[in-house]
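There are 2 protein chains.
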Amino acid sequence: MSKEITSRATDYSQWYNDLVIKGSLADYSAVRGCMVIKPYGFALWENMQAALDKMFKDTGHVNAYFPLFVPKSFLEKEEGHAEGFAKECAVVTHYRLKANPDKKGSLMVDPEAKLEEELIIRPTSEAIIWNTYKDWIQSHRDLPLLINQWANVVRWEMRTRLFLRTAEFLWQEGHTAHATKEEAVEEAEKMLEVYATFAEEFMAVPVIRGIKTAGERFAGAEETYCIEAMMQDGKALQAGTSHFLGQNFARAFDVKYSNKENQLDYVWATSWGVSTRLVGALVMAHSDDDGLVLPPKIAPVQVVIVPIYKGDEQKKMIDAKVNEIMKELKVLGIRVKYDDNDNARPGWKFAEYEMKGVPVRLALGARDLEQGVVEVARRDTKEKRTLSLEGIAAYTNLLLKEIQENLFSKAKAFRDEHITPANTWDEFVHLLDEKSGFITAHWDCTAETEEAIKEKTKATIRCIPLNNPKEEGKCILTGKPSVQRVLFARAY
Amino acid sequence: MSKEITSRATDYSQWYNDLVIKGSLADYSAVRGCMVIKPYGFALWENMQAALDKMFKDTGHVNAYFPLFVPKSFLEKEEGHAEGFAKECAVVTHYRLKANPDKKGSLMVDPEAKLEEELIIRPTSEAIIWNTYKDWIQSHRDLPLLINQWANVVRWEMRTRLFLRTAEFLWQEGHTAHATKEEAVEEAEKMLEVYATFAEEFMAVPVIRGIKTAGERFAGAEETYCIEAMMQDGKALQAGTSHFLGQNFARAFDVKYSNKENQLDYVWATSWGVSTRLVGALVMAHSDDDGLVLPPKIAPVQVVIVPIYKGDEQKKMIDAKVNEIMKELKVLGIRVKYDDNDNARPGWKFAEYEMKGVPVRLALGARDLEQGVVEVARRDTKEKRTLSLEGIAAYTNLLLKEIQENLFSKAKAFRDEHITPANTWDEFVHLLDEKSGFITAHWDCTAETEEAIKEKTKATIRCIPLNNPKEEGKCILTGKPSVQRVLFARAY
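Set out below in structure tokens:
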């Protein structure tokens with residue numbers, strides 16, 4: 001089984017694709033740029049959703065649902081927003097098909113069913129939501145409005161990759177409205193911290209919290225906060241963004257509220273989102289050449305039990321013991337699967353669950369049973385141990401916690417080893433090509449320099465880290481003065 | 493508050509709209525035929541989703557996600573299916589907008605970004621899913637495939653009503669593949685029973701399980717099973733359908749499997765779905781002229797506590813007691829809200845939570861506290877009782893169960909009183925106009941008669957109930973012989 005996966009060293013990009021497809025996470029679809037999320041991949045997403053949804057609700061947010069369609073005129077209202085998304089919009093122009101008179105059995109677009117105004121499939125929902133908020137917000141008593149939506153969105157990307165960049169993807173988008181600028185900024189920062197906590201504690205992916213440069217900001221935002229993760233090839237992956245939108249959308253859609261002094265003012269806004277892209281980040285952060293490695297907290301199956309037996313009698317004895325163990329594991333809230341499918345051999349199953357990244361495997365044979373032991377294999381280190389059946393459930397529970405922590409520590413150590421300061425242009429270029437990873441370097445704060453560096457090296461400014469230490473220095477490209485280092489990397 | 497709702501007797505249809513909008517379930521949107529599901533309505537839908545999702549998983553199904561888009565040529569492949577949906581398809585023809593050179597600040601569809609093949613926004617996903625199943629199914633070992641999807645779909649309806657009929661709606665669609673006809677029929681029937689159980693046990697809405705006539709079948713199905721509910725105006729509402737699709741989609745998309753004897757055969761299919769329409773059914777089944785009446789099992793808030801006080805000192809004492817009660821209620825798994833917002837008076841809150849259909853209201857005043865009592869009001873009967881604070885959590889828990897049962901019994905009694913046999917045409921017409929409700933009557937089993945009855949009376953055959961007793965008789969319209977009564981009604 002594992003032989004079918006391209007190794008990271010051979011072709012990192014192909015390795016990733018192999019994992020997604022052979023790990024049964026997703027498949028290409030017949031529709032350009034769209035993927036099918038397979039049951040195993042979707043179960044992973046469901047676990048991520050559940051954890052995030054709880055965090056959103058615990059911070060006072062509620063869910064709602066807004067239309068899939070954005071009238072073209074709405075998109076036009078916020079200029080920067082329109083420019084940012086116009087080039088990748090799927091456009092609905094008609095609302096009916098009819099039989100094609102020239103070709104029996106085929107359908108054609110009915111020219112008489114042309115929409116008066118074209119509808120855009122939402123690439124993000126600021127426009128449709130702020131048009132709605134106009135009706136919902138009159139007074140300071142209507143604020144803050146803390147709403148989240150789980151939805152599909154479409155951005156017509158030319159180059160797509162499973163999970164990382166697809167024309168349609170699933171995400172959540174929070175859209176909040178506030179009475180003051182301070183409160184909106186606080187909200188944007190709070191949600192960034194929610195994302196960072198989720199990435200680190202559930203996905204076991206360490207992230208750098210920061211703000212984007214003006215050139216990398218969300219179209220329509222005044223400030224974009226982001227979390228940046230490092231993949232095993234040293235490239236960066238933006239794992240979530242939270243935007244302070246100022247009063248831009250309130251102005252565009254004329255959303256005003258009367259404050260306590262009965263004066264009218266525009267409302268302050270934020271939006272924030274993470275998407276199925278996180279599944280791609282997860283795959284690339286932890287997996288190895290034998291397959292997926294999933295963090296226990298969000299793995300669809302945390303423990304798989306494989307019986308090793310000859311004949312019905314042995315099987316029955318093993319079944320009985322396994323049922324006991326399963327019961328104990330379930331009481332501990334552990335997601336466990338017993339794979340006693342007799343069409344496949346244990347060795348095949350071992351490879352299969354390694355491929356699928358199941359954190360812990362218990363293998364129980366007839367002789368083990370006699371001796372009161374079981375083989376415990378952990379996916380992250382591939383270590384195997386033979387342990388007493390006595391207390392195995394409690395042990396497994398601790399082991400899952402240990403694996404979760406180990407994945408995070410390992411990813412963090414790797415990440416920290418691959419953040420390197422560069423003080424000259426030569427050093428910068430050399431590091432990018434030879435070491436890979438993130439580079440901290442001085443920059444003169446101009447869009448021109450940022451663009452020039454990107455053109456020369458394909459590296460972008462990933463972020464200016466929050467709480468970045470001040471340090472006098474000179475821009476690596478222009479030599480102009482700079483007051484702090486920023487984070488550069490090539491990125492997904 | 494309650495004065496703003498049109499009464500059922502005055503205008504049933506307006507009453508329904510008032511409830512949906514003033515009960516904060518949903519709003520019209522700026523996009524024709526699409527609605528905004530507001531946080532309170534969405535919380536209701538989330539509770540329905542959670543219950544259904546658990547039932548699907550308990551019956552062996554897994555979730556997945558397929559593309560929003562269906563290429564036009566896919567829709568054409570199953571002829572009946574294509575005919576059924578062609579007239580209400582939203583069609584994507586372009587993938588880019590550009591700046592309009594004739595009008596600064598406005599966008600236009602870029603004529604150079606025309607799709608080679610138009611994409612239909614899924615009205616349902618059989619076509620895209622069966623095209624995918626082709627790659628997933630080779631052998632009998634790949635079967636059964638038991639997959640569900642939670643998604644948005646679009647059907648361009650000309651006349652829309654909040655929840656009941658909207659251009660975009662949310663739903664789940666199960667799509668299963670089986671090796672034998674028997675197994676597929678069994679699956680379709682099993683999922684109908686899941687829907688019926690959900691409607692009756694969670695929504696407290698009694699339903700009649702039946703099969704549709706050929707004329708009312710899903711486009712592409714060989715048999716459509718349905719559950720039919722009765723609204724308070726006596727009209728029927730189809731609350732869920734489950735389809736046995738035969739080998740139609742397998743043939744259309746060439747999905748074959750090799751059986752145990754290594755022979756190739758087409759796969760057998762089912763599909764089944766329920767949608768946000770159920771929220772409309774729920775509203776119409778139980779609510780009254782004062783607002784929504786929600787069944788406890790799916791109510792977003794099951795218990796609301798309103799304090800009645802003057803001054804901070806009283807408030808503090810009440811707060812302390814309420815915190816105790818809340819704690820106990822939460823331990824029992826009850827969703828409780830303490831509304832101590834001091835911008836609104838208790839009377840206003842009472843009306844507000846009546847409008848929102850919260851099943852139980854506890855009102856606690858300073859004098860109550862002294863006397864160790866609390867006022868308990870139930871939304872369904874509007875009965876109020878003053879009870880000892882001692883054991884109030886346990887009492888409330890039982891009361892919620894009683895309300896759930898009472899709503900079901902009441903709806904069932906109403907439904908049963910409004911099912912009437914008609915033996916002649918005159919009787920049929922008279923009953924429809926004067927009594928309203930469902931009518932059981934003989935029918936000659938022809939599509940012509942079914943159509944003629946519909947044209948004359950607007951009543952349709954809702955279903956042929958499962959386990960329908962055989963009874964010789966004569967068709968009410970044509971007098972031709974019939975072997976059983978079928979269920980007629982006007983419907984939503």
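Protein sequence lines, in the order shown, are assigned to chains L and X.
Each residue of the first sequence is one higher than the last, beginning at 1 in the numbering used here.
Each residue of the second sequence is one higher than the last, beginning at 493 in the numbering used here.
Heads up, the beta-carbon is just placed ideally off N, CA and C, and yes, glycines get one too.
Neighbour-count burial assignment, residue i, 16 or more Cβ in a 10 Å radius
| i | result |
| --- | --- |
| proline 481 (chain L) | exposed |
| lysine 950 (chain X) | exposed |
| asparagine 343 (chain L) | exposed |
| valine 775 (chain X) | buried |
| proline 111 (chain L) | exposed |
| glycine 479 (chain L) | exposed |
| glutamate 897 (chain X) | exposed |
| tryptophan 348 (chain L) | exposed |
| methionine 540 (chain X) | buried |
| glycine 333 (chain L) | exposed |
| alanine 489 (chain L) | buried |
| lysine 54 (chain L) | exposed |
| methionine 191 (chain L) | buried |
| asparagine 467 (chain L) | exposed |
| threonine 386 (chain L) | exposed |
| serine 631 (chain X) | exposed |
| glycine 311 (chain L) | exposed |
Proximity of residue i and residue j at Cβ, strictly below 9 Å
| i | j | result |
| --- | --- | --- |
| glutamate 846 (chain X) | arginine 827 (chain X) | no |
| arginine 485 (chain L) | alanine 441 (chain L) | yes |
| proline 792 (chain X) | leucine 536 (chain X) | yes |
| alanine 556 (chain X) | leucine 567 (chain X) | no |
| leucine 737 (chain X) | threonine 705 (chain X) | no |
| isoleucine 529 (chain X) | leucine 517 (chain X) | yes |
| proline 799 (chain X) | glycine 857 (chain X) | yes |
| threonine 572 (chain X) | glycine 712 (chain X) | Looking at the sequence provided, one finds glycine at residue 572 (chain X) rather than threonine. It is a contact, given that the beta carbons lie within the stated cut-off. |
| isoleucine 797 (chain X) | arginine 837 (chain X) | no |
| valine 255 (chain L) | alanine 127 (chain L) | no |
| valine 759 (chain X) | phenylalanine 655 (chain X) | no |
| isoleucine 911 (chain X) | glycine 929 (chain X) | yes |
| alanine 281 (chain L) | alanine 229 (chain L) | yes |
| tyrosine 225 (chain L) | serine 242 (chain L) | yes |
Residue interval of the alpha helix (DSSP H) (run including residue i)
| i | result |
| --- | --- |
| alanine 413 (chain L) | 392-417 |
| tryptophan 663 (chain X) | It is not in any alpha helix (DSSP H) - tryptophan 663 (chain X) instead sits in the beta strand (DSSP E) that spans 660-670. |
| phenylalanine 249 (chain L) | 248-253 |
| phenylalanine 74 (chain L) | 72-76 |
| proline 838 (chain X) | 838-847 |
| leucine 607 (chain X) | First-last for leucine 607 (chain X): 606-613, but that is the beta strand (DSSP E), not the alpha helix (DSSP H). |
| aspartate 860 (chain X) | 858-863 |
| glutamate 193 (chain L) | 181-201 |
| glutamine 314 (chain L) | 311-331 |
Segment limits, beta strand (DSSP E) that includes residue i
| i | result |
| --- | --- |
| serine 767 (chain X) | 760-767 |
| valine 796 (chain X) | 795-800 |
| valine 36 (chain L) | 35-37 |
| lysine 748 (chain X) | 748-750 |
Whole-number beta carbon distance between residue j and residue i, since they are thought to touch under 8 Å
| i | j | result |
| --- | --- | --- |
| aspartate 634 (chain X) | tryptophan 642 (chain X) | Contact doesn't hold; Cβ gap of about 23 Å is too wide. |
| phenylalanine 249 (chain L) | tryptophan 130 (chain L) | 4 Å |
| proline 465 (chain L) | glutamate 660 (chain X) | With a Cβ gap of about 41 Å, proline 465 (chain L) and glutamate 660 (chain X) do not count as contacting. |
| histidine 778 (chain X) | valine 91 (chain L) | Not a contact, Cβ separation roughly 42 Å. |
| glutamate 610 (chain X) | valine 109 (chain L) | 6 Å |
| alanine 885 (chain X) | isoleucine 817 (chain X) | 6 Å |
| alanine 903 (chain X) | valine 697 (chain X) | 6 Å |
Any non-hydrogen atom of the ligand ZN closer than 8 Å to residue i Cβ
| i | result |
| --- | --- |
| tryptophan 443 (chain L) | Questions concerning the ligand ZN fall outside what the structure shown contains, since it holds no ligand whatsoever. |
Report the start-end ranges of each beta strand (DSSP E) in the stretch 423-454 of chain L that is 3 residues or longer and not cut off at the edges. 438-442
Whole beta strand (DSSP E) elements within the stretch 617-662 of chain X, 3-residue minimum: 637-646
Considering only residues of the stretch 51-114 of chain L, which uninterrupted beta strand (DSSP E) runs meet the minimum length of 3 residues and lie entirely inside it, listed in chain order? 69-71, 91-94, 97-99 and 107-109
My parser needs the beta strand (DSSP E) runs of 3 or more residues fully inside the stretch 696-721 of chain X; what are they? 699-703
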